[in-house]
Amino acid sequence: MKKEACLSLDGANGERIEILEQTDTALVIRWVEPGRCHYGEQRWRRRSAHSSGTCAVSRRKIRRGDAVFKPAERPAPLNASVMIAAEVFGDLIAAD
Numbered sequence: 001m002k003k004e005a006c007l008s009l010d011g012a013n014g015e016r017i018e019i020l021e022q023t024d025t026a027l028v029i030r031w032v033e034p035g036r037c038h039y040g041e042q043r044w045r046r047r048s049a050h051s052s053g054t055c056a057v058s059r060r061k062i063r064r065g066d067a068v069f070k071p072a073e074r075p076a077p078l079n080a081s082v083m084i085a086a087e088v089f090g091d092l093i094a095a096d
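In case it helps, the UniProt record's numbering puts the sequence shown at residues 1 to 96.
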């Protein structure tokens, strides 16, 4: 189910993240990273993490195999290595 959203989040490293649309498997995000990159409508897909890392929103540790959202555009954008833990959105939906 597609959900129109306008949810603003602060990234762990100063990024501004605005969720424009959300489904169970995809997001459309406005990503602003001052001095580095700005994507007005960037598509992200839910997938399993290929490597360990840190969630860009919650700073929670992400382990290889965890459900995450990652940028899905080609060619690879500057923020291609960034991950957002899928559980962050479950927490936000539960709060609504």
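Cβ atoms here follow ideal geometry from the backbone N, Cα and C, with glycine treated the same way. Keep in mind the model is a prediction, meaning the values are calculated, not measured.
Spatial neighbours of S51 in its own chain (CB-CB distance under 8 Å, excluding positions within 5 residues in sequence) are listed in chain order as R64. Secondary structure at V68: strand, using DSSP grouped into helix, strand and coil. A direct Cα-to-Cα measurement between A56 and E21 gives close to 18 Å. Restricting attention to alpha helix (DSSP H) runs no shorter than 4 residues, the segment 20 to 56 encloses none. A86 and R46 do touch by the CB rule: their CB atoms are close to 6 Å apart, below 8 Å. In this structure, the alpha-carbon of H38 lies about 25 Å from that of A67. Distances from the CA of A76 to each of D24, I17 and R43 were compared; the closest alpha carbon is that of R43.
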